[in-house]
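Visitor:
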Amino acid sequence: MKKDILIQKIKSLTNSPEEFVCEVLFILNRTNHNIIKRADIDVHDQEELKTSFLAKLNEYIIANEELRLVEISRVEERKNTLFKYDYEELPQDFEPITTIRNEEEFEIFSFRNDKLNEISGIVFVIHTEDTTLVSYKKHYPINLYKRDSTALGFIKQEHRFVQISDDILKIYPDFDFFYLNEELFVRNVKMLERNFGFCNVINSKAAEALELLETSDLVEDLTQLKQRSTELTFARKLAQISKHSIVLNELPIAEIISFAETFPKLSGRFKFNEDKSKFDLSTKKSQNLFLKLLNDDFLSSELTKRYYESASKDPVEV
């Protein structure tokens, strides 16, 4: 899905809020498993949550002229980026989200049997005739004001302060990621890594990149690259190569080595084996440069004839 189609579909929701409800679900974290409960919320309050959530979608996606839509398999550090999930393999702890997408009936959150401090995620679900949106927001302990004996909480009531008698749950109408029909869009990649095991997907793709490099016979010794692949930042760069490197997948070794020897930013910075048929990547600097080379980060302007290094590149259709 391209950015203009995404905006169009989100607009279809923000322009017609009266045509649907916004259901709120809680993901509860219990020992060795998660359970899903529906939040029984007052109709007026539920409408207010819906209005606030749609306003957040409008602010971040529709009204955000700087927003960029990028595949999650690419290393991208620029701001205002929404990532489209383009791996076939989902994170290992995604089961609650899959369940919510496939089922419609869930038990109501019970104050007798369920606890507010068990809530680990808050999900908004919107159904229309041709669109289903399922959003997730990580719920942190700080969002729960828990009444205890060490501190008393007060709220105003007319002209007086009155003590809070119950715990208070804060619900932020926001999102870390959302499904729009069958496509997954991620705003907070770090949260996905920490809480859903997305790092395991990255490690798997990094391993695929190492296999490609071994098959290519481009590197004299892969031992140190394999050791560094356990570092998540380095693994991300390897994972990107496994999916997107035109250099590795399409160019002959001789052409790659020739470029590495002649491009001004790279000339003299690589070592090779005796017959100059393979890269010698015995230092971290050479390893980092090599991944940039495979990512095609070293460019030149046809207009100014100047040379550039750019990790983030937007393809131009011609």
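The sequence shown begins at 8 in my numbering and counts up by one.
The C-beta atom is built at its ideal place from N, Cα and C for all residues, glycine as well.
As the structure is a computational prediction, the values presented were derived from the model and not from experiment.
Taking buried to mean at least 16 other C-beta atoms within 10 Å of its own C-beta, is Gln15 buried or exposed?
Guide: By 1-based counting over the sequence shown, the position of residue 15 is 8. Per the 10 Å Cβ criterion, exposed.
Visitor: Could you check if Ile253 is buried or exposed, using at least 16 other CB atoms within 10 Å of its CB as the buried criterion?
Guide: Numbered from 1 along the sequence shown, position 246 holds the residue referred to as residue 253. Ile253 comes out exposed.
Visitor: Going along the chain, which residues of its own chain have a beta-carbon closer than 6 Å to the beta-carbon of Leu298, five neighbours each way excluded?
Guide: Counted from its first residue, the sequence shown places residue 298 at position 291. Excluding sequence neighbours, Leu298 sits near Lys244.
Visitor: Let me check one thing: in DSSP terms, what residues is Glu190 bridge-paired to?
Guide: By one-based count along the sequence shown, residue 190 stands at place 183. DSSP output for Glu190 lists Leu187 as bridge partner(s).
Visitor: For a test of the three-state rule: what should DSSP assign to Tyr67, helix, strand or coil?
Guide: Mapped onto the sequence shown, residue 67 falls at position 60. It is helical.
Visitor: Enumerated in chain order, which unbroken segments of the alpha helix (DSSP H) with a length of 4 residues or greater are wholly contained in the region 224 to 294?
Guide: The region 224 to 294 contains these whole alpha helix (DSSP H) runs: 230 to 235, 239 to 251, 253 to 257 and 260 to 269.
Visitor: Taking C-alpha atoms, which residue in Arg201, Ile107 and Phe161 lies nearest to Thr139?
Guide: Along the sequence shown, read from residue 1 onward, the residue named residue 139 stands at position 132. Thr139 has its Cα closest to that of Ile107, out of Arg201, Ile107 and Phe161.
Visitor: If you run the structure through DSSP and keep just helix, strand and coil, what is Arg201?
Guide: To locate residue 201, count along the sequence shown from 1; it is residue 194. In the structure shown, Arg201 sits in a helix (DSSP, three-state: H, G or I).
Visitor: So is Ile79 buried or exposed if we call it buried at 16+ other beta carbons inside 10 Å?
Guide: Stepping through the sequence shown from its first residue, residue 79 is reached at position 72. It counts as buried.
Visitor: Helix, strand or coil: how does DSSP classify Leu151 here?
Guide: Counting from one through the sequence shown, the residue named residue 151 turns up at place 144. Looking at Leu151 - three-state DSSP - the assignment turns out to be strand.
Visitor: Kindly identify the DSSP beta-bridge partner or partners of Phe33.
Guide: Indexing the sequence shown from 1 puts residue 33 at position 26. Answer by DSSP bridge pairing, in chain order: Lys44 and Ile129.
Visitor: Tell me which residues share the same chain as Arg85 and place their Cβ nearer than 6 Å to its Cβ, disregarding the 5 neighbours each side in the sequence.
Guide: For this step, residue 85 is matched to residue 78 along the sequence shown. Ser319.
Visitor: Can Lys233 and Phe182 be called in contact, C-beta distance under 7 Å?
Guide: Counting from one through the sequence shown, the residue named residue 233 turns up at place 226. Counting from one through the sequence shown, the residue named residue 182 turns up at place 175. Result no, Cβ atoms of Lys233 and Phe182 do not sit closer than 7 Å.
Visitor: Assuming Leu255 contacts Leu306 under a Cβ cut-off of 8 Å, what Cβ separation, rounded to an integer in Å, is found between them?
Guide: One-based indexing of the sequence shown puts residue 255 at position 248. One-based indexing of the sequence shown puts residue 306 at position 299. Leu255 to Leu306, Cβ: 17 Å. No contact.
Visitor: Does the Cβ of Glu167 have 16 or more other Cβ atoms within 10 Å, making it buried, or fewer, making it exposed?
Guide: In the sequence shown, residue 167 corresponds to position 160, counting from 1. First, the residue type needs correcting, since residue 167 is Arg and not Glu in the sequence shown. Exposed, since its Cβ has fewer than 16 Cβ neighbours within 10 Å.
Visitor: Give me the Cα-Cα distance between Leu61 and Pro180, rounded to the nearest whole angstrom.
Guide: For this step, residue 61 is matched to residue 54 along the sequence shown. For this step, residue 180 is matched to residue 173 along the sequence shown. Computed Cα separation, rounded: 8 Å.
Visitor: Using the C-alpha atoms, what's the distance from Tyr94 back to Lys292?
Guide: Working through the sequence shown from its first residue, we reach residue 292 at position 285. Working through the sequence shown from its first residue, we reach residue 94 at position 87. Their backbone Cα atoms lie some 29 Å apart in a straight line.
Visitor: Let me confirm a value: Ile178 is counted as buried when at least 16 other C-beta atoms fall within 10 Å, else exposed. Which label applies?
Guide: Counting from one through the sequence shown, the residue named residue 178 turns up at place 171. Buried, by the Cβ-count rule.
Visitor: Here's the rule: buried if 16 or more other CB atoms are within 10 angstroms of the residue's CB, otherwise exposed. What is Glu30?
Guide: Here the question's residue 30 lines up with position 23 in the sequence shown. Buried is the call here.
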